[in-house]
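In my numbering, the protein residues as written are 101 to 293. We put the CB at the ideal spot given by N, CA and C, even for glycine. Just so you know, these numbers come straight off a predicted model, no measurement behind them. Step one of this worksheet: look at the structure below.
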């Protein structure tokens, strides 16, 4: 016959085991929620990068300097040949060069338009990205049968640092410089016009 005193603490042990298993389950659920929040944040940054890239392309397209020479449409000045900016500063702000008069004004106006995107690419509170950087580079031109360049092709790249702390997003220029390669994200668009 079993004595009743041998069963003391068995229910308490069962309750403790149940609590441990429940805690492990809750930790798993918390991990899944945290993973989905991280994926949602990455998706939000990628969507912002796409919007910034499209805005830069639209400004480039709208403000391109073209002229007719005979029956050819030619580029007067190419202000977007190699542009780079991070956190609201353009890497090459003196773009007027040796142009005079209207040409100088046109080029300055064209640069201002892309600088509006540069000003907000690294500023999260203005719709930018943490450690955001915009790089525009000209690729090889599309050449017709007569050897005349018809289209200029540009590569527009928006980079940012994923998984930054909220305090780090207020320091965009240093954030991307100190960002490890596995945390740096890129959104690239190729456009011809």
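- Task: Could you give the DSSP three-state label for residue 156: helix, strand or coil?
- Result: Correct three-state label for residue 156: helix.
query = Within 10 angstroms of its Cβ, does residue 291 collect 16 or more other Cβ (buried), or is it exposed?
reply = By the 10 Å Cβ count, residue 291 comes out buried.
- request: Helix, strand or coil for residue 239, going by three-state DSSP, please let me know.
  value: Here residue 239 sits in coil by DSSP.
- For residue 153, count neighbouring C-beta atoms within 10 Å of its own C-beta (all shown protein chains included) and say buried if the count is 16 or more, exposed if not. In summary, residue 153 is buried, with 16 or more beta-carbon neighbours lying within 10 Å of its beta-carbon over all protein chains present.
Three-state class that DSSP yields for residue 251 in the structure shown | Strand at residue 251.
Check your understanding: Tell me, which residues are paired with residue 184 by DSSP?
Key -> Answer is 235, bridged to residue 184.
Taking the continuous beta strand (DSSP E) assigned at residue 108, which residues delimit it?
Per DSSP, residue 108 is not a residue of any beta strand (DSSP E), being assigned neither H nor E.
Legend entry - Backbone secondary structure at residue 193 - three-state DSSP: Here residue 193 scores only 44 on pLDDT, less than 50, and its place in the model should not be relied on; the value that follows carries that caveat. DSSP places residue 193 in coil when its eight states are reduced to three.
#### Entry: Per-residue burial, residue 133 [other beta carbons within 10 Å of its own, 16 or more giving buried]
Classification for residue 133: exposed.
Q) Does the region 135 to 155 come within contact of the region 228 to 240, defined as at least 3 CB pairs closer than 8 Å? A) Segments in contact, yes.
Q. Bridge partners of residue 261, per DSSP?
A. Answer by DSSP bridge pairing, in chain order: 284.
Are the CB atoms of residue 238 and residue 214 nearer to each other than 8 Å? Against a cut-off of 8 Å, the Cβ pair of residue 214 and residue 238 comes out as no contact.
Point to revise | Among 156, 109, 146, 136, the one whose alpha carbon lies nearest that of residue 216 | key: Among 156, 109, 146, 136, the Cα nearest to that of residue 216 is on 156.
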